[in-house]
Structure formats: structure tokens, C-alpha cells
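Chemist: First the structure, which I've put down as C-alpha cells, then a few questions once you've had a look.
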């Protein structure tokens with residue numbers, strides 16, 4: 001999930017690989033699909049669990065980007081196709097109270113990043129081309145003004161896909177964008193999230209943790 005505030009800053013979490021505790025990295029919110037979930041439903045659920053922001057799946061809009069990535073995690077190697085969604089709010093006070101135990105044990109920080117910071121940082125950020133992606137997706141200059149309402153107080157006037165929402169009334173959302181995921185089973189995490197599935201075998205992306213069956217290419221909205 002690309003959650004972007006009114007200053008064009010993207011929310012990232014900081015986590016680590018249990019097999020390499022000093023290998024820390026920043027990643028976007030997100031996670032794997034539960035059984036029979038669509039990408040939009042899974043993304044909306046993960047967003048609520050990891051940030052406290054609750055949106056209806058249809059408010060996430062259309063895809064913005066997809067990729068297939070391979071990564072090591074906890075001594076194993078995985079391959080996963082990822083789907084992203086873009087949602088904009090003027091501001092949001094992140095609530096991580098919905099983290100599961102794996103997330104609580106493996107994520108130690110979160111912050112909002114400017115695109116320029118992503119381009120110049122020496123820290124690990126996943127997906128690796130996040131800054132380039134945001135430069136393409138976001139409008140020039142900060143997305144400020146009366147048309148982008150404040151977050152933290154419900155769903156009034158959210159925007160997705162880089163569009164600006166009107167600030168009158170609950171649920172005022174401008175449809176926008178997301179990103180694509182692929183085939184495979186078991187709730188595996190995206191490059192930007194953590195999830196615990198119901199299959200055997202632990203798995204994770206470069207930017208998250210998961211448990212699933214590890215078969216095929218994992219599906220993951222983020």
C-alpha cells in the first residue's frame with residue numbers, strides 16, 4: 001500500500017529479517033491474501049490492521065504498478081508477485097494496534113518519507129524503485145489545499161491514485177490506483193508488509209514477514 005500524505009510523503013515501516021537481525025529495511029504497508037480474498041479486499045484489510053485507516057475495497061481504485069520479486073527470508077528463498085494500491089490523505093496518525101505478534105516482534109519504527117529522502121538515503125528501502133515510482137505517480141509539488149481533507153477522523157474526503165478528494169461528507173473518495181499480484185496460494189507477505197497465513201512454511205518478502213505454503217508465486221496486495 002502506497003499511503004501518501006498531503007506533503008507527498010509516503011508511509012514506511014522499518015523491519016528486519018530474523019535470520020539477519022542487523023539487516024534492517026524500510027517497506028510499505030501491506031500483506032498477503034487470506035483465502036478467497038481479492039487484492040482490493042486484502043489491501044483494505046491490511047491497511048486497517050497496520051495503520052488504523054479503514055477504507056472500503058472499492059475506494060482503493062485501479063492498479064498503479066506490479067512486479068515479481070525474489071528474496072531471501074529467515075534462511076529460505078521465495079518468489080512473489082506484488083500488487084500495490086495508492087491512497088492519499090492530508091495527514092494520518094498511524095495506529096499499529098492491529099499488528100499481529102510477528103509484526104510486533106519484527107517492526108520497530110515507522111515514519112513518513114519524502115521522495116527526495118528516498119532518493120538520497122543509504123538505508124535499505126523496498127521496493128527498491130519506490131522513489132522512481134512515486135516521481136511518476138505523484139503530481140508535481142505538494143498535494144495541499146482545501147480539496148485534500150485531514151486523516152485521522154474517518155473516511156471523509158480521501159483520495160486514491162494521486163487524485164484530490166473533495167472534503168465534504170463521509171466517504172468522499174476519489175478513485176485512483178493500485179498495483180498487481182499473481183498466482184499462488186498461502187497468505188504470503190508483499191514486499192511491503194507482513195502477514196501470517198494458514199499453510200506450512202514461513203515466508204516473507206524483502207520487506208515483510210509471512211507464513212504460507214510457499215507454492216508458486218505468492219499473491220500480495222500492498
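Numbering (the UniProt record's numbering), first residue to last: 1 to 222.
In this text, a Cβ means the ideal position worked out from N, Cα and C, and glycines have one as well.
All values derive from a computational prediction rather than experimental measurement.
Give me the Cα-Cα distance between residue 107 and residue 101, rounded to the nearest whole angstrom.
Modeler: Going by the C-alpha atoms only, they are around 10 Å apart.
Chemist: Under DSSP, the beta strand (DSSP E) around residue 73 begins and ends at which residues?
Modeler: Here the beta strand (DSSP E) through residue 73 covers 66-73.
Chemist: Name, in chain order, the residues that DSSP records as bridge partners for residue 16.
Modeler: BP columns for residue 16 point to 24.
Chemist: Identify the residues that DSSP records as bridge partners of residue 127: which are they?
Modeler: None; residue 127 has no bridge partner.
Chemist: Where does residue 111 sit, in a helix, a strand or coil, going by DSSP?
Modeler: Note: residue 111 maps to strand in three-state DSSP.
Chemist: Can you find the residues in the same chain that come closer than 7 Å, C-beta to C-beta, to residue 9, ignoring five residues on each side of it along the sequence?
Modeler: Once the five neighbours on either side are set aside, the close Cβ partners of residue 9 are 112, 113 and 114.
Chemist: Tell me, which residues are paired with residue 94 by DSSP?
Modeler: Its beta-bridge partners do not exist; DSSP assigns none.
Chemist: What are the start and end residues of the alpha helix (DSSP H) that includes residue 41?
Modeler: First-last of the alpha helix (DSSP H) with residue 41: 39-51.
Chemist: Span of the beta strand (DSSP E) holding residue 87?
Modeler: Start and end: 86-88.
Chemist: Residue 73 to residue 58, Cα distance in whole Å?
Modeler: Approximately 32 Å, taken between the alpha carbons.
Chemist: Counting pairs of beta carbons, one from the segment 76-93 and one from the segment 115-124, are three or more of them closer than 8 Å?
Modeler: No: the two stretches stay apart, fewer than three of their Cβ pairs being nearer than 8 Å.
Chemist: Out of 55, 56 and 81, which one is the CA nearest neighbour of residue 66?
Modeler: Closest option to residue 66, Cα to Cα, is 81.
Chemist: Any idea what DSSP makes of residue 104, helix, strand or coil?
Modeler: If DSSP states are grouped into helix, strand and coil, residue 104 belongs with the helices.
Chemist: Let me check understanding here. Comparing Cα to Cα, which of 46, 15, 137 and 91 lies closest to residue 34?
Modeler: Among 46, 15, 137 and 91, the Cα nearest to that of residue 34 is on 46.
Chemist: Note down the Cα distance separating residue 29 from residue 22, rounded to an integer number of angstroms.
Modeler: Their backbone Cα atoms lie some 21 Å apart in a straight line.
Chemist: For the candidate residues 50, 41 and 37, whose alpha-carbon lies nearest to that of residue 14?
Modeler: Residue 50 is the option with its Cα nearest to residue 14.
Chemist: Helix, strand or coil for residue 57 per DSSP?
Modeler: Helix.
Chemist: Distance check for residue 52 and residue 97, CA to CA, integer angstroms please.
Modeler: Cα-Cα distance, rounded: 8 Å.
Chemist: Quick one: grab the DSSP three-state call for residue 79.
Modeler: Of the three classes helix, strand and coil, the one that applies to residue 79 here is strand, per DSSP.
Chemist: Output the boundary residues of the beta strand (DSSP E) element that contains residue 2.
Modeler: Looking at the DSSP string, the run of the beta strand (DSSP E) that includes residue 2 is 2-4.
Chemist: Whose C-alpha, out of 137, 135, 109 and 90, is nearest the C-alpha of residue 6?
Modeler: Checking every option, the nearest Cα to that of residue 6 belongs to 90.
Chemist: Can you give me the Cβ contacts of residue 55 inside the same chain, cut-off strictly under 6 Å, excluding the 5 residues immediately before and after it?
Modeler: Closer than 6 Å at Cβ, skipping near neighbours: 44.
Chemist: Put residue 11 into one of helix, strand or coil per three-state DSSP.
Modeler: Strand at residue 11.
Chemist: Buried or exposed: which applies to residue 63, given that a residue is buried once 16 or more other Cβ atoms fall within 10 Å of its Cβ?
Modeler: It counts as buried.
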